[in-house]
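Participant: Protein chains in written order, with my numbering: chain A, 2 to 237; chain B, 2 to 415.
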Amino acid sequence: MLIELKDIRREYTVGGEVVRALDGVSIGIAKGEWVAIIGQSGSGKSTLMNVIGCLDTPTSGSYRLNGKDVARMDDDELAGIRNREIGFIFQNFQLLPRETSLANVELPLVYRGVSARERRARAIDALKKVRLENRMTHKPTELSGGQRQRVAIARALAGEPSLLLADEPTGNLDSATGEEIVRLFEELHQAGHTLVLVTHEPRLAARCPRAIRLSDGQVVGDGPGAEVAWQGVARP
Amino acid sequence: MIGVLVDNLRLAFGTFLAHPLRTLLTLLGIVIGVATVMTMMALLEGLRMKVNKDFGQLGANVFRIDKWPQGFRFGGGGIDWNKISRRKRLTVEDKVAISEQCPSVLRTSASSWQPGEVLRTAMSETGRDVFVIGATVEYPETSGITIASGRAFNEGEEVDGRRVAVLGPDVADKLFPSLDPVGQTVRIRGRPYTVVGVMERRGKVMGLFNMDNQVLVPMSTFLGQFGLRRGVSISVEALDQSGVAAAMDEATRLMRQRRDVGPTADNDFEVSTNETMAKSLNELSNVVTAATFGVCILSLLVGGIGILNIMLVSVTERTREIGIRKALGAKKHRILLQFATEAVVLSLVGGVLGIAIGFGLAALGRWTFGLYTAVPVWAVAVSLLMSSGVGLVFGIYPAARAAKLDPIEAMRAE
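1. What is the DSSP secondary structure of A/Ile82, counted as helix, strand or coil?
2. Taking a cut of 7 Å between CB atoms, which residues from the segment 63 to 96 of chain A lie near chain B?
3. Just the C-alpha distance for B/Met496 and B/Ser144, rounded to the nearest angstrom, thanks.
4. For B/Glu322, would you say it is in contact with chain A, using Cβ-to-Cβ distances shorter than 8 Å as the test?
5. Quick one: list the residues of chain A neighbouring B/Ala422, beta-carbon separation under 9 Å, in chain order.
6. Quick one, which of A/Ala80, A/Ala127, A/Ala117 has its alpha-carbon nearest A/Asp57's?
7. Are the C-beta of B/Arg335 and some C-beta of chain A separated by less than 8 Å?
8. From this set, B/Ser300, B/Phe227, B/Phe14, which residue's C-alpha is nearest B/Ala36's C-alpha?
9. Grab the span of the beta strand (DSSP E) containing A/Gly25 for me, first residue to last.
10. Would you verify that the beta carbon of A/Glu12 is, or is not, closer than 8 Å to some beta carbon of chain B?
11. Which word fits B/Gly76, buried or exposed, when buried means at least 16 other C-beta atoms lie within 10 angstroms of its C-beta?
12. Could you tell me whether any Cβ in chain A is nearer than 8 Å to the Cβ of B/Pro408?
13. Within 8 Å of any Cβ in chain A, is that where the Cβ of B/Ile397 sits?
14. B/Ile31 to B/Lys405, Cα distance in whole Å?
15. Enumerate in chain order the residues of its own chain whose CB-to-CB distance from A/Tyr64 is below 6 Å, with the five nearest sequence positions on each side excluded.
16. State the DSSP-derived secondary structure class of B/Ile323, mapped to helix, strand or coil.
17. How long is the line joining the alpha carbons of A/Arg1 and B/Glu415, rounded to whole angstroms?
18. Have a look at the DSSP bridge pairing and note the partners of A/Phe89.
19. Can you tell me whether B/Phe223 is buried or exposed? The criterion is at least 16 other CB atoms within 10 Å of its CB, across all chains shown.
20. Return no unless some Cβ of chain A is closer than 8 Å to the Cβ of B/Met412.
21. So what's B/Glu276 in DSSP terms, helix, strand or just coil?
22. Does any C-beta atom of chain A lie closer than 8 Å to the C-beta of B/Lys280?
23. Compare the Cα-Cα distances from A/Val115 to each of B/Gly4, B/Pro116, B/Val138, B/Phe64 and report the closest residue.
24. Quick one: using the 10 Å Cβ neighbour count with 16 as the cut-off for buried, is B/Ile80 buried or exposed?
25. Measure the CB-CB distance between B/Ile308 and B/Phe395 and report whether it falls below 8 Å.
26. Contact between the segment 80 to 93 of chain B and the segment 185 to 194 of chain B is defined here as three or more beta-carbon pairs at a separation below 8 Å; is this criterion met?
27. Taking DSSP as the reference, what is the three-state secondary structure of B/Ile409?
28. Using the beta-carbon of each residue, which ones in chain A are nearer than 8 Å to B/Lys51?
29. Give the C-beta separation of B/Glu271 and B/Trp114 to the nearest angstrom, bearing in mind that I take them to be a contact with Cβ-Cβ under 8 Å.
30. So B/Val237 and B/Val63 are supposed to be a Cβ contact under 8 Å. How far apart are they, rounded?
31. Given that a residue counts as buried once 16 or more other Cβ atoms are within 10 Å of its Cβ, and exposed if not, what is A/Trp35?
32. In its own chain, which residues sit with a C-beta less than 6 Å from the C-beta of B/Leu385, not counting the 5 before and 5 after it?
33. Against chain B, with Cβ distances strictly below 8 Å, would A/Ser116 count as a contact?
34. With a 10 Å radius around its C-beta and 16 neighbouring C-beta atoms as the bar for buried, classify B/Met387 as buried or exposed.
35. Mapping DSSP to helix, strand and coil, what is A/Met74?
36. Helix or strand or just coil, what does DSSP make of A/Gln232?
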């Protein structure tokens, strides 16, 4: 198993009241899987994405990522794990506005201590994979939304992480561009990448071989995407 | 390691270029502080070099014997001025005795002066600022004065108390702009003097005391006009440089004897060389240097607060960027280093600008006011060191704040 979550709880205190964002979540995801995590807003899926992405640590429970126990790591150790194991794809791209596509894609490699020449070569490779080799010196403001998300995907790929973690990757895109991105995910899945995709969109989750539904911080469904995606939701 | 440094430097300059005007304005404190210190140091160093050169010119192998201590001091300098004022005056007879009885002495001269005099001709007059010097015939040699035209007065004129005068070039230019002064008549307090010569231009000692705005008259004439009981200063020139110490020794012993100083009592006169005078001036400039640095530290403090401010703004504005960097694997120390480097680079830019402006002001002073200025290398080094230090000290807190940001929270920022 690449991801092993056991009885994960995450509690916040908001205004003196304890909020249970995750209430005993146990999930296993194998290498090469393409999994959607679906749920309404407030279901805990963002918290789960943060825990899986090592941006947040659970209040209790155990989390093994690629064989490493990451639940009790400190901030800097987690930063190291994020850098090597996880490629993030965020809803609003999270690109550095003043840097070129190339510099943005190089960023994870900068923090891994890869030499300037090698990271340039790997960034170019990654941009080729998302077919943006002719936009390498453009800044994010000079790119369309779909191109920006492809830069973000290239950045996620450049570090050759064991997991690609996408948060509402089509949320800020029109449907045609969104489709383009989903196709890219299909290619990446076929190429053997492990993909975890967090979304509230049943249509997107239905495209994934496997989907996990969250509600009130608990797993309420886990199965083929096409089934779980529409669970409890009226089909259009 | 070098790669990290290069990355951080690139980022730091990137920030600077993103908001050049805002950054420059924030840097003003440091720029002004460094420019001030550089200009002051340039002036002082110029002064110091000029003083050493001027005193070197005053006559080689020469020392002076005076009633009053020479040079510049602060406050009383631990000197009992009442006691000194009760000392006996020095006389021309002392000068003659030193000349005759000290084997290591080449020549001596005596001089006495009256500042703030006016010289008049039928056509014009000088300001009330001419230095009238009564001197014996050896004075031009012991004081490094050369005659540009005409001649100095001679022994006969000295003995007879003739009213002859050698003009400084400024006095000559003022009174005789289009005429050869030699042979003309000038009046000092109504008494006519015949001009026999004009001195070579010498400039100002340390840019303050004008050596060219003076007039030389025979000692006996001077004493006749300004008072017979005036004391004199004695300049003593040794046979050669190695004989200066011996000459000083002999002259001191002779003076003690002539003035009945007991064997255990201190000298009741002062012996000073041009070097000791130059030294006391250098001490003065050291005090000014220290004071300037005090001012500089204050303005660097102000500049540092500017850096603190701009860095806090920068961290706030770039919260999202910091979040992204941390999410992608930047550890705390990398973020800390990035922002600390930026703060140091910013203040260094301020320091370099300040140094450039300091050089500019020093050059301006040189060309427009004829001031002697020289920027000492150590001042440049100290300025760079201090401005980068300020950047580090005031940049650490904002950098630490940036390093501590939570990536999830930070990425949500706008």
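All C-beta atoms, glycine included, are put in the ideal place defined by N, C-alpha and C.
Facilitator: Taking the structure as given:
1. helix
2. Asp76, Asp77, Ala80, Gly81, Arg83, Asn84, Phe89, Gln95
3. Past the edges of chain B, shown from 2 to 415, lies residue 496 of chain B, and the structure says nothing about it.
4. yes
5. Residue 422 of chain B lies beyond the stretch modelled for chain B, which goes from 2 to 415, so this question has no answer here.
6. A/Ala80
7. yes
8. For the options B/Ser300, B/Phe227, B/Phe14, the alpha carbon positioned closest to that of B/Ala36 is the one of B/Ser300.
9. 18 to 30
10. no
11. Note on B/Gly76: pLDDT 49, under 50, position unreliable in the model; the coordinate value appears next. With fewer than 16 other Cβ atoms within 10 Å, it is exposed.
12. yes
13. no
14. 28 Å
15. Result list for A/Tyr64: Leu6, Val71, Ala72, in chain order.
16. helix
17. The question about residue 1 of chain A has no answer, for chain A in this structure spans 2 to 237.
18. A/Leu166
19. buried
20. yes
21. It is helical.
22. no
23. Out of B/Gly4, B/Pro116, B/Val138, B/Phe64, B/Gly4 has the C-alpha closest to the C-alpha of A/Val115.
24. Only exposed fits B/Ile80, as fewer than 16 other CB atoms lie within 10 angstroms of its CB.
25. yes
26. no
27. helix
28. Residues of chain A passing the Cβ test: none, with the nearest at roughly 51 Å.
29. Not confirmed; about 16 Å, so no contact.
30. 7 Å
31. Answer is buried; the Cβ neighbour count reaches 16.
32. If we look at B/Leu385 and ignore the five residues flanking it on each side, its Cβ neighbours are Gly352.
33. yes
34. buried
35. coil
36. coil
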